[in-house]
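Peer 1: Have a look at this one before I ask anything.
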Amino acid sequence: MIEKKQQIFNKLGLHARAAAKLSHMANMYSADIYLIYNEDKVNAKSLLGILTLAASVGNEITLQAAGVDEQEAIKAIGDLFDRKFDEEG
Amino acid sequence: MIKSVIITHGNLGRELVQVTEKILEQKLDIETIAFDWQGDGSAMISQLESFIARHPGKKVVIFTDMFGGSPSNISTRFVGPSVEVISGINLPGLLKFFCCGEHNGSFRQVIKKVEQGAKEGINIISEYLGEKK
Chain A
1079 MIEKKQQIFN
1089 KLGLHARAAA
1099 KLSHMANMYS
1109 ADIYLIYNED
1119 KVNAKSLLGI
1129 LTLAASVGNE
1139 ITLQAAGVDE
1149 QEAIKAIGDL
1159 FDRKFDEEG
Chain B
26 MIKSVIITHG
36 NLGRELVQVT
46 EKILEQKLDI
56 ETIAFDWQGD
66 GSAMISQLES
76 FIARHPGKKV
86 VIFTDMFGGS
96 PSNISTRFVG
106 PSVEVISGIN
116 LPGLLKFFCC
126 GEHNGSFRQV
136 IKKVEQGAKE
146 GINIISEYLG
156 EKK
């Protein structure tokens, strides 16, 4: 199991479209993937679960993955955060 | 693969589908039927019969906007082993149905997940925040 601290860079935070992209990407991996924010831990493969975090820009989230492709999953999802979910040009 | 149709008062269903498509960035495989305010519902019945007839052997879910409303009442007559109706559908419910491999599991399991997602999308925010504090 690996973890990565990840900053939220996009202005709208983990809103609907970002959560959709994130959950879609998480579902491409067999590893169990979670997002941890404050006291909450949600399945990264669940769009509605991600939305319950209401995680906003400037805050830090923990990505957690466990499984054969955990490294690739964390890398891909971290890149998605870094690219601001491709929504800010 | 579960086939789906949404039947609502006016164009509510079409709008819900368009917003869901925008969020998921994909075209959805769902038909929309708008309730004819002036009609007696016979047009909706025909459209539903046609939809189900076009998908023989497939599971079908009919989403409606409100339990007890005409779209829901008319849909109820089609409930059976291969057809289920979910009333009061909302954006979280549609997202649950269409996003991210949510069709995994039996027909019943998928239907229950959508119902749960739709219900959990309704919150009094102050109470929700209070629970989290």
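Protein chains in written order, with our numbering: chain A, 1079 to 1167; chain B, 26 to 158.
Heads up, the beta-carbon is just placed ideally off N, CA and C, and yes, glycines get one too.
Report the rounded CA-to-CA distance for B/I27 versus B/F122, giving the unit in angstroms.
Peer 2: Between B/I27 and B/F122, the C-alpha separation is close to 10 Å.
Peer 1: Quick one, are the C-beta atoms of A/Y1107 and A/D1147 less than 9 Å apart?
Peer 2: Yes, these two residues count as a Cβ contact at 9 Å.
Peer 1: Within 10 angstroms of the Cβ of B/F92, are there 16 or more other Cβ atoms? Answer buried if so, exposed if not.
Peer 2: Counting Cβ neighbours within 10 Å, B/F92 comes out exposed, since fewer than 16 surround it.
Peer 1: Just to confirm my understanding: we take A/K1099, look at its own chain, exclude 5 residues before and 5 after, and list those with CB closer than 6 Å. What are they?
Peer 2: Once the five neighbours on either side are set aside, the close Cβ partners of A/K1099 are F1163.
Peer 1: So that I know if they touch, is there some Cβ in chain A lying closer than 9 Å to that of B/E50?
Peer 2: Taking Cβ atoms only, chain A reaches closer than 9 Å to B/E50, which makes this a yes.
Peer 1: Determine the direct distance from the alpha carbon of B/I149 to that of B/G155, and round the result to whole angstroms.
Peer 2: When rounded, the distance between both Cα atoms is 10 Å.
Peer 1: Just checking: is the beta-carbon of A/L1125 within a distance shorter than 9 Å of some beta-carbon in chain B?
Peer 2: Yes, contact with chain B.
Peer 1: Keeping to the same chain, check which residues put their C-beta closer than 6 Å to that of B/Q72; ignore five residues upstream and five downstream.
Peer 2: Hits under 6 Å: I58.
Peer 1: Name the chain B residues whose beta carbon is nearer than 9 Å to that of A/S1101?
Peer 2: Neighbours of A/S1101 on chain B, chain order: C124, C125.
Peer 1: Kindly examine the ligand FAD and report whether one of its heavy atoms sits closer than 8 Å to the Cβ of B/D54.
Peer 2: Within the structure as shown, the ligand FAD is missing, as the structure has no ligands at all.
Peer 1: Since B/Q141 is in the alpha helix (DSSP H), which residue starts that stretch and which ends it?
Peer 2: Unbroken alpha helix (DSSP H) run through B/Q141: 132-145.
Peer 1: Going by beta-carbon coordinates alone, are B/A143 and B/I111 separated by less than 9 Å?
Peer 2: Contact: yes.
Peer 1: In three-state DSSP terms, what is A/K1099?
Peer 2: Here A/K1099 sits in helix by DSSP.
Peer 1: Residues of chain B with a CB under 9 Å from the CB of A/R1095: which are they?
Peer 2: Under the 9 Å cutoff, chain B gives K47, I48, L49, E50.
Peer 1: With a floor of 3 residues, list each beta strand (DSSP E) that falls wholly inside the region 34-75 of chain B, ordered by position along the chain.
Peer 2: 55-60, all fully within the region 34-75 of chain B.
Peer 1: Where does A/T1140 land, buried or exposed, given buried means 16+ other C-beta within 10 angstroms?
Peer 2: Exposed, by the Cβ-count rule.
Peer 1: Among A/E1166, A/K1153, A/L1158, which residue has its Cα nearest to the Cα of A/K1082?
Peer 2: The shortest Cα separation from A/K1082 among A/E1166, A/K1153, A/L1158 belongs to A/K1153.
Peer 1: Under 7 Å, CB to CB, which of the residues in the region 1124-1150 of chain A have a partner in chain B?
Peer 2: Result list: L1125, L1126.
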